[in-house]
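This report concerns only the one structure given below.
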Amino acid sequence: MSAPFLLILRLGMTLSLYIFMGWAFLLLWRNFKTESELLTSRKTPPLTLSYTDLEKKRKIKHFRTPEITLGRDPHSEIYLENETVSAHHARLSYHHGQWWLEDLSSKNGTMLNGERVETPTIVLGNDEIQCGKIPLTVHLAMADLSPNTQEI
């Protein structure tokens, strides 16, 4: 074979190798970009809990954290001042794309829509949680506040 033909063949192979590497890096970059968008979209969705306190005022609390504790302990995210509520009564947690309710071995139990919570249970919008004698309503989207509502 002649030298000019081998030179053209080498240049063609080199060019095709660079095109292949560029294509492979482009696919990797697109995949990385898609994965990063998926991770940023996995943030905890907002959860709103509404309940009535001892003074008969309706309270609404908005959360974006993946874990919410309910109980009589003042350090709980939802502080329920009632003798039927345990200090660490229940926990709402977000994982596997769902909100879950778990009873924390409370004395009077936790109810979800009138049924006792024995194992972690999925919570849906407009479900009613009852800790002791205190009912709470779950809203999965930000709720509009009525004039006689106090937001905390």
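In the numbering used here, the protein residues as written are 16 to 167.
All C-beta atoms, glycine included, are put in the ideal place defined by N, C-alpha and C.
Cutoff 6 Å; reference residue i; Cβ partners in own chain excluding five residues on either side
i	result
P150	E143
N123	T99 and G147
Rounded Cβ spacing between residue i and residue j (contact assumed at less than 8 Å)
i	j	result
L107	V132	Not really, about 11 Å apart at Cβ, beyond 8 Å.
E70	I83	So it is not a contact: roughly 22 Å between Cβ atoms.
7 Å CB neighbourhood of residue i in its chain, flanking five on each side removed
i	result
D88	A102 and H103
N163	Low local confidence applies: a pLDDT of 46 at N163 is under 50, so the model's placement there is unreliable, and no value is given.
T59	R79, T80, P81 and Y109
Q113	I137
Pairwise C-alpha distance: residue j and residue i
i	j	result
L98	W44	In the sequence on display, residue 98 carries Glu and not Leu. Each residue's alpha carbon lies about 57 Å from the other.
S17	E52	53 Å
N128	E50	37 Å
R25	W38	20 Å
S161	F47	Residue confidence is low: S161 scores 46 on pLDDT, short of 50, so the model does not pin down where it sits. Its coordinate-derived value is still stated next. Cα to Cα, the separation comes out at about 44 Å.
Residue i burial status per 10 Å Cβ neighbour count (16 or more: buried)
i	result
L31	One detail in the question is off: residue 31 reads as Ser in this sequence, not Leu. S31 should be labelled exposed.
Y66	buried
L22	exposed
G86	buried
T29	exposed
Beta carbon proximity, residue i to chain B, threshold 9 Å
i	result
W115	Looking for chain B here will not work: only one protein chain is present.
Cutoff 8 Å; reference residue i; Cβ partners in own chain excluding five residues on either side
i	result
N141	T152, V153 and H154
W115	L107, S108, Y109, P135, T136, I137 and V138
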